[in-house]
Amino acid sequence: MKKLLISLLALTSLSCFAQNARQEIAETPAKAGGVYYAYPVTESLNTPAPKGYTPFYVSHYGRHGSRYLIDDKDYTNVIDVLARAQADGALTPLGEEVYERLLTVLDEARGRGGELTPLGARQHHDIAQRMYKAYPEAFGKDAQVTAASTQVMRCAHSMFNFIEGLKELNPSLVIPKESNARNMVYLCHSEPPSWAFNDNKGRLQWKPEYNAWRAGKVNPDRLMSSLFNDPRYVQQNIFSEELMWGLYWIAVDMQNMETEADFLSLFSADELYDLWEAINASFYITNSSYPRSDGLNVDNAKNLLRNILDTANDYVDNNRHGATLRFGHDGNIVPLAALMRFTGCHGYSAGLDDIADVWQSYNVSPMASNMQMIFFRNKQGDVIVKFMMNERETAIDLPSDIFPFYRWDDVKNYFIETLDTPSIEYCPKELRQ
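First residue of the sequence shown: 0, per numbering that gives the first Met the number 0; consecutive thereafter.
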């Protein structure tokens, strides 16, 4: 009973995930970016380890840092629409201003589609330095630190900047690094059944219902009237929904760039929320613990969790110290956090209108999101571990009388069971299809 009570208190202390998403986005419009939300740096609680325990190992997985939109066309498609309207004399003064702002943005973004931005580089450099300063013992003499990223350059560049941050504080660190195909089997793994589900080609159909629901979230009339001076011109020449989405993606990604240009103010609070909610639901369905997905996307993270478990066992059993650094994508860290059942990262909702209440993309996987497991050992060789999600202490679905710490033997057994159990089995039966 004592363990259960303490566990419940721990979950209560992590209630930041339960805030109302509409209110959060109204207060911080940048959160409407979801997975484009720039990594939030806030002072976070770092509970001291129990007396006699010293940190010796950090197991890490990090999403790449802030990036540009994937392709120049993400910018030029919108610019071209406004350029034609300008030539036709169809822009309002605000439309003219937006057009000029977009040209400035393109000056920075052109030719850099999908690349890490300078902010993305700083994010990983700074996360590394905070990690080192919080757990210096893990990076002491003879520390064994390794790093691996997916083959995508923004992930490799995130890794390079992370390593640079560590070596600035300890130049003697030797950190082998890899960015090749051999590690993709765990860094960025997915299985064909999940591809079929996400493409709506399997037995579990979700897109027709979702598409109809999403259509009700896109209401471009007010925005179009603010940019164009003639409703007939809009009706005859503009694909309003497409233009609204194009402006939305540019608007939410500006927080990741160096150019200072605001487009979020083009949208009302309700419009921003509705667009975010539509994308949030899609990302949850195709990457996290959506009950009707049969657990297929969450199970994709099992190779990664197995690597985390095996590597940790190696450090624990062989009395080593150091860190294992891994770098990938939102589509990897999201199912991993759901598989590990972190608080706020694995909620279950079968109803599209309820997803935002249990899962918010900006909390789970902003740019540079990261998972850290910090291992501590005492002189008797007893090992405990703490979980951090985006540098905040979090809980797993396991009782602990020393929260936010857990006994490693308990965690190990918890993860072994997780690997042996289809993820859908953890979902309440009444929510499954």
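Ideal placement from N, C-alpha and C gives every residue a C-beta, glycine not left out.
Same chain, Cβ closer than 8 Å to residue i, neighbours up to 5 away in sequence not counted
| i | result |
| --- | --- |
| G139 | H320 |
| G110 | D71 |
| E114 | R66, Y67, M152, R153, H156 |
| L102 | I78 |
Bridge partner(s) assigned by DSSP for residue i
| i | result |
| --- | --- |
| E392 | M387 |
| C369 | Per the sequence shown, the amino acid found at residue 369 is Asn instead of Cys. Beta-bridge pairing links N369 to G61. |
| R508 | Because the chain in this structure spans residues 0 to 432, residue 508 falls outside the shown range and cannot be described. |
| I401 | F404 |
| F433 | Past the boundaries of the shown model lies residue 433; the chain is included only from 0 to 432, so the question cannot be answered. |
| R66 | L115 |
| Q204 | BP columns for Q204 are empty, so no partner. |
| V184 | Its beta-bridge partners do not exist; DSSP assigns none. |
6 Å CB neighbourhood of residue i in its chain, flanking five on each side removed
| i | result |
| --- | --- |
| F193 | With the sequence shown as reference, residue 193 is identified as Ser, and Phe is not the correct amino acid for it. If we look at S193 and ignore the five residues flanking it on each side, its Cβ neighbours are L295, N296, N299. |
| I415 | none |
| T323 | S58, T145, T310 |
| R83 | none |
| I307 | S58 |
| Y197 | Contrary to the premise, residue 197 reads as Asn rather than Tyr in this sequence. If we look at N197 and ignore the five residues flanking it on each side, its Cβ neighbours are T285. |
| A20 | A355, Q359 |
| Y314 | Y56 |
| Q254 | A29, A37 |
Residue interval of the alpha helix (DSSP H) (run including residue i)
| i | result |
| --- | --- |
| F262 | Premise fails: F262 is in no alpha helix (DSSP H) and is neither H nor E. |
| L90 | Careful: L90 lies outside any alpha helix (DSSP H) and carries neither H nor E. |
| R301 | Correcting the residue type first, residue 301 is Lys in the shown sequence and not Arg. Element bounds for K301: 301-316. |
| H124 | 117-133 |
| M223 | 220-226 |
| S193 | 191-197 |
| P427 | Note, P427: premise wrong, no alpha helix (DSSP H); not H, not E. |
Backbone secondary structure at residue i - three-state DSSP
| i | result |
| --- | --- |
| R100 | helix |
| T323 | strand |
| T149 | coil |
| K176 | strand |
| V40 | coil |
| Y56 | strand |
| V410 | helix |
| V297 | helix |
Residues near residue i by beta carbon distance below 7 Å, same chain, minus five either side
| i | result |
| --- | --- |
| Y347 | S288, P290, V357, C426, P427, L430 |
| L172 | F138, A142, V144, L165, K166 |
| D409 | L397 |
| E177 | A147 |
| T53 | E136, F375, R376 |
| I332 | Y60, R62, S364, S368, M370 |
Terminal residues of the beta strand (DSSP E) in which residue i lies
| i | result |
| --- | --- |
| S360 | Unbroken run through S360 is the alpha helix (DSSP H), 360-363; no beta strand (DSSP E). |
| F238 | Unbroken run through F238: none, as it is neither H nor E. |
| Y405 | 404-406 |
is_contact[residue i, chain D] using C-beta, thresh 8 Å
| i | result |
| --- | --- |
| Y232 | Of the protein chains in the structure, only one exists, and it is not chain D. |
* **Stretch-stretch touch, CB-based, cutoff 8 Å, three pairs: the stretch 34-48 with the stretch 358-378** => yes
* Cβ pair count under 8 Å reaching 3, the stretch 334-350 against the stretch 216-224 -> no
* Does the stretch 80-99 touch the stretch 42-58, meaning 3 or more C-beta pairs lie closer than 8 Å? -> no
* **Inter-stretch contact (C-beta, 8 Å, three-pair minimum) for the stretch 259-266 and the stretch 114-123** => no
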